[in-house]
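Step one of this worksheet: look at the structure below.
In the working numbering, the protein residues as written are 591 to 982.
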């Protein structure tokens, strides 16, 4: 017999004698107690049960909780007044984290963080979400008070996790809603109609859930519901859908920018307008960088800038080349006319001596050009971006 067992039996015998003397009989339950001011003792059965004791009475008293041979919570109480007890236990076979049961502080911190993010996203002030947010706050306060007062159960843990998911879902909803508005403002919906329609439909479903918040919280309080997780999943999917619309826009704009660059290369813009050309390349590469790191909307702006720079270069350089070609053609006509005059002069009055300013017909007037400047100025970029675009 263990020391705790012997101590329990001694105290039980002592309390029984005391109650016989006072004409009172103690109650045996899974929890019991006795105290003069207040006295309590609790133990957790590691194998299969848990018990604790609490009680009240006047005078002096003692409360004791222990486990019997089967691991069931037992207790005894004594006092000069009356003693009462109550108890409950849980089965270790249940999926229940005992460390969490002892301390919910980590879970509370996680919920508080999710709540603050929801506030930062605008959920507290948005007409579409403010009532649901307030109801969620009220439920969180209620469940937290129960947990902090000792109402620790496996169901309580899931309820708190679902509350956390609901706060996170509100943040995702606000982000998705804002993206949809920007898509509408820019007329991007047609770039990926299927993704846009799916996202818009999910936003409507979320708004219906928030409008019927009583049903949501009634289901959540059962402790067996995934209502908060389902809410979060819908909001996250809507957010991803609208991101995919922006990705479709970015991909299309990148293709336009690449085509514009090829046109600029066709007129050797990298040689005649090197600084502007490099600016276009820089914007294009920034677009690729932002796309692969998840800043898809920023990449659209980069690709648009690159397209506009290359398109302008092509237009202006092509026009300058056309003007130059026109002047060259006119010059050639004059040269041809001069050659004709010279030929006639040679026939009537040929030169017999060298004259300053007139070179021999086979003289080399220009150094050979290896075109290295043009080759070095050209920048090659990949036609395809081999990345999934940083899915969120």
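For each residue, glycine too, the CB sits at the ideal point set by N, CA and C.
All figures in this text were calculated on a predicted structure; none of them were measured in a lab.
Can you give me the start and stop residues for the alpha helix (DSSP H) that residue i sits inside?
i: residue 747; result: 744 to 776
i: residue 733; result: 720 to 738
i: residue 590; result: Look at the range of the chain in this structure, 591 to 982, and you will see that residue 590 is not part of it.
i: residue 808; result: 803 to 810
i: residue 876; result: 864 to 882
Residue i: buried (16+ other C-beta within 10 angstroms of its C-beta) or exposed?
i: residue 747; result: buried
i: residue 887; result: buried
i: residue 877; result: buried
i: residue 812; result: exposed
i: residue 973; result: exposed
i: residue 769; result: buried
i: residue 706; result: exposed
i: residue 826; result: buried
i: residue 883; result: exposed
i: residue 758; result: buried
i: residue 708; result: buried
i: residue 791; result: exposed
i: residue 970; result: exposed
i: residue 909; result: exposed
In angstroms with no decimal places, state the Cα-to-Cα distance between residue i and residue j.
i: residue 781; j: residue 839; result: 6 Å
i: residue 898; j: residue 778; result: 19 Å
i: residue 820; j: residue 845; result: 38 Å
i: residue 818; j: residue 824; result: 10 Å
i: residue 907; j: residue 975; result: 28 Å
i: residue 880; j: residue 775; result: 22 Å
i: residue 868; j: residue 860; result: 8 Å
i: residue 983; j: residue 889; result: Residue 983 lies beyond the stretch modelled for the chain, which goes from 591 to 982, so this question has no answer here.
i: residue 809; j: residue 830; result: 27 Å
i: residue 724; j: residue 714; result: 8 Å
i: residue 901; j: residue 697; result: 55 Å
i: residue 702; j: residue 793; result: 24 Å
i: residue 805; j: residue 749; result: 15 Å
i: residue 843; j: residue 787; result: 22 Å
i: residue 649; j: residue 740; result: Here residue 649 scores only 36 on pLDDT, less than 50, and its place in the model should not be relied on; the value that follows carries that caveat. Roughly 27 Å separates the two Cα atoms.
i: residue 738; j: residue 731; result: 10 Å
i: residue 985; j: residue 767; result: The requested residue 985 is not part of the displayed model; the chain covers only 591 to 982.
i: residue 870; j: residue 841; result: 17 Å
i: residue 733; j: residue 771; result: 35 Å
i: residue 852; j: residue 895; result: 15 Å
i: residue 822; j: residue 762; result: 7 Å
i: residue 865; j: residue 911; result: 18 Å
i: residue 760; j: residue 891; result: 28 Å
i: residue 718; j: residue 814; result: 27 Å
i: residue 802; j: residue 854; result: 58 Å
i: residue 921; j: residue 785; result: 60 Å
i: residue 799; j: residue 789; result: 16 Å
i: residue 828; j: residue 795; result: 10 Å
DSSP state of residue i, grouped into three classes?
i: residue 971; result: coil
i: residue 714; result: coil
i: residue 780; result: helix
i: residue 814; result: coil
i: residue 885; result: coil
i: residue 893; result: helix
i: residue 786; result: helix
i: residue 904; result: helix
i: residue 709; result: helix
Taking residue i as the reference, give the member of the options with the closest Cα.
i: residue 857; options: 914, 835, 744; result: 914
i: residue 850; options: 893, 865, 827, 832; result: 893
i: residue 729; options: 716, 711, 709, 756; result: 756
i: residue 863; options: 853, 903, 847; result: 903
i: residue 700; options: 744, 848, 752; result: 752
i: residue 836; options: 783, 969, 733, 738; result: 783
i: residue 1002; options: 905, 760, 848; result: Shown here, the chain extends from 591 to 982; a query on residue 1002 therefore has no answer.
i: residue 797; options: 924, 716, 910; result: 716
i: residue 736; options: 905, 922, 694; result: 694
i: residue 885; options: 803, 971, 711, 834; result: 834
i: residue 704; options: 754, 795, 726, 712; result: 754
i: residue 711; options: 743, 764, 726; result: 764
i: residue 727; options: 816, 807, 743; result: 807
i: residue 816; options: 828, 745, 923, 832; result: 745
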